[in-house]
Amino acid sequence: MTASKLPRPALYLAAALIAGFALWTRVWNIWAEPMWLDEAYSAYAASKGWDFLWTVVPRYETHPPFYYSLLRGWTLIAGDGLVAHRLLGVVCGMALLPVAALAALRLARIAGADGTRVAIAATALVAASPVLIWMTREIRPYPLMILAYAGATLALLAIAERRAAGRPLAGRAFAGWLACGLLMLWLHNLGPLYAAAMGLALLCVVRVGTMTREDWLWFVGGHLLAIALWLPALFILLDQAPEWVKATWLRFSTVDLWRRATYMFTGPRDDIRAAAAILALCGGAVLWRARQGGLLAALLILALLPVAVSLIVSETITPVFIIRTMTALAVPALLLMALGLGRGLGGAGWRRFGRWLPVAALIWMLVGQVVLDIEARGHVKRDWYRTVEWLAPRFRPGDVVFAYPNEGALPFDLAVRDCRLRMESRPIPTAIPSLTPPPGSWYVSGSRGVPSLDRPHLRAIAEEPATRAVPTIWLLRVGPWAYDKGDVFLEELAKGRVEVGRFRDGAITIVGLRKASSPPSPQRRLGSQETSAR
């Protein structure tokens, strides 16, 4: 029995199982994982108010403030707790399922394939994708980017169908296309890469040779309007780009480059990559036999061009976070894979073995990804909670956490809040952003809000009366090898103090420094000196 002949209750059951699994993987333990550094940046900006978002954020953040503004609006309604922050991504992740299903149905109709089969395969692939699940749980713009790019893919398919029928370009599909492109431009500083891919993909399906003067006016005018609305974000990007290019700590490596460049499509396993390649080839064959070479080219451009350009940018200009920033590319790729199932088990053109190949590849891919998803739910990242839990019994009234660089205070303060504790922190030199650091400072990460200080200024901070009055300073450093090379600040703070404990979890380190005249803490008397979390 083919999927198109399944009774309606069976289709409803399949949809419910897919949606239930998608929801479980996206919400399980979202309350147990603390915000990591980038997420803390999002929550911090959203908490500061509209004026801060649109006048201060553009001065230190390379990304436009649009996502942070959406997040602020969301938290004003849903609350500002950890789960409330994460729910915006979950909503986008669940909304992706029907968008992918609609796109799959339209793609199948264009290719003359079995729409129900393709829609079920596409939603199952989207629901089980480890990378899409990962990004859905992030308090970053990526869930919205994935949804917007999926909407753009759906609009592209609608435009392709409309133009194939000889209808004008103007319409709801073209308006939706422009809106999704504008969203991509405003959500991330790599939005132009996505927009460029979208523009080239559109040219593959609009049938340029048959476009009328009115079609061209809508085409050119619509894109000019979108560019005009994007100009403020472009100015922010142009202002921030030189500092990012000059000061970034990222290093581009070609080690396992092909795996990193395809991670967003499949996840970490090579056997799943092989299954995905088989499905994509089958999907491409379906479009090719249907004489839809233009649409095939459009989907390939949407899925591959941004990552290809980002690799060139990483090699020649400045490194790019390939996996997270390129996750939205998974949507057109998964649609093409799902189309590989569209001709059915007995479809014309398939040999006896070949017709089963895409089915076996889909099963292999889904089972492998489901296993990865289940394993991932069993591993909860608790680094900042472990940090707070280690510090809590050692922290006494009057103690202060010195966060150097200053951005370390963002996730630390949020973890303290989540654990319902009170621990005073002092970002060094100031709270985010430190836009006017003292002379001799430099930016390590490319962000104008996070400076490293030279020894004289670090010594001056260590010798301040307020600093000397602190019974125990807990020096919190995130990536000390980048921001405090040679342990300069640690050396200056340690003068006249004794070390009372060390903690390390990945890039997070804490060193306790008690005034020599202060009595030892209970943990010190018990002999607790150093902890390394693994």
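So in the working numbering the end of the sequence shown lands on 851, straight run, no missing numbers.
From the three backbone atoms N, C-alpha and C, an ideal C-beta is built for every residue, glycine too.
Item, Value
"Whole angstroms are fine: how far does the CA of M411 sit from the CA of W345?", "14 Å"
"Express the C-alpha separation of R711 and G818 in angstroms, rounding to a whole number.", "9 Å"
"Taking R737 as part of the beta strand (DSSP E), name the residues at either end of that continuous run.", "Per DSSP, R737 belongs to no beta strand (DSSP E) and is neither H nor E."
"Are there 16 or more other CB atoms within 10 angstroms of the CB of L791, so buried, or fewer, so exposed?", "In the sequence on display, residue 791 carries Trp and not Leu. Classification for W791: buried."
"On the DSSP letters alone, give me the boundaries of the alpha helix (DSSP H) that F806 sits inside.", "805–811"
"What's the gap between the Cα of Y358 and the Cα of L727?", "7 Å"
"For T644, which three-state DSSP category applies?", "helix"
"Fully enclosed by the stretch 512–581, which alpha helix (DSSP H) runs are 4 residues long or longer?", "530–564"
"Please report the straight-line C-alpha distance between Y384 and R457, rounded to a whole angstrom.", "8 Å"
"Report the start-end ranges of each beta strand (DSSP E) in the stretch 711–780 that is 3 residues or longer and not cut off at the edges.", "717–720, 742–744"
"Roughly how many angstroms separate the alpha carbons of P324 and L393, rounded to a whole number?", "44 Å"
"Considering only residues of the same chain and omitting the five flanking positions on each side of Y702, which have a CB-CB separation below 6 Å?", "P351, A732"
"Decide if the stretch 518–538 is in contact with the stretch 567–579; the criterion is three or more beta carbon pairs, one per stretch, under 8 Å apart.", "no"
"For the alpha helix (DSSP H) containing I456, list its first residue and its last residue.", "First-last for I456: undefined, no H or E at that position."
"For the beta strand (DSSP E) holding V815, just list the boundary residues, first then last.", "814–822"
"By DSSP's criteria, I827 is part of a beta bridge. Which residues make up the other side?", "L793, F820"
"Let me know the secondary structure DSSP gives K365 once reduced to three states.", "coil"
"Sorted by chain position, which residues of the same chain lie with C-beta nearer than 7 Å to A430's C-beta, five sequence neighbours on each side aside?", "V603, L656, G659, R660"
"Given this structure, state the Cα-to-Cα distance separating D735 from A445, to the nearest angstrom.", "30 Å"
"Return the Cβ separation of Y466 and A625 in integer angstroms, given the expectation that the two are a contact with Cβ distance under 8 Å.", "Between A625 and Y466 the Cβ distance is about 16 Å, and since that is not below 8 Å, they are no contact."
"Please identify the residue among W503, I745, P750, G763 whose C-alpha is closest to the C-alpha of L807.", "I745"
"I think L405 touches M654, with their Cβ atoms under 8 Å apart; what is that distance to the nearest whole Å?", "With a Cβ gap of about 28 Å, L405 and M654 do not count as contacting."
"CB A362 to CB L370, shorter than 8 Å?", "yes"
"In the DSSP assignment, what are the bridge partners of K832?", "R814"
"For V522 and L473, which I take to be in contact (beta-carbon distance under 8 Å), what is that distance rounded to the nearest angstrom?", "6 Å"
"Using only CA atoms, which one of W673, P549, I634 lies nearest to I595?", "W673"
"Cα separation between V400 and A339?", "17 Å"
"Quick check on the DSSP output: the alpha helix (DSSP H) that includes S386 runs from which residue to which?", "383–395"
"At which residues does the alpha helix (DSSP H) containing G498 begin and terminate?", "489–504"
"Tell me which same chain residues have a C-beta within less than 6 Å of the C-beta of L354, skipping the five on either side of it?", "P728"
"Below 8 Å between beta carbons: does that hold for A592 and W681?", "yes"
"Within 10 angstroms of its Cβ, does H505 collect 16 or more other Cβ (buried), or is it exposed?", "buried"
"Rounding to the nearest angstrom, what Cα-Cα distance links S364 and A720 in this structure?", "20 Å"
"Can you find the residues in the same chain that come closer than 6 Å, C-beta to C-beta, to V705, ignoring five residues on each side of it along the sequence?", "A732, V733, C736"
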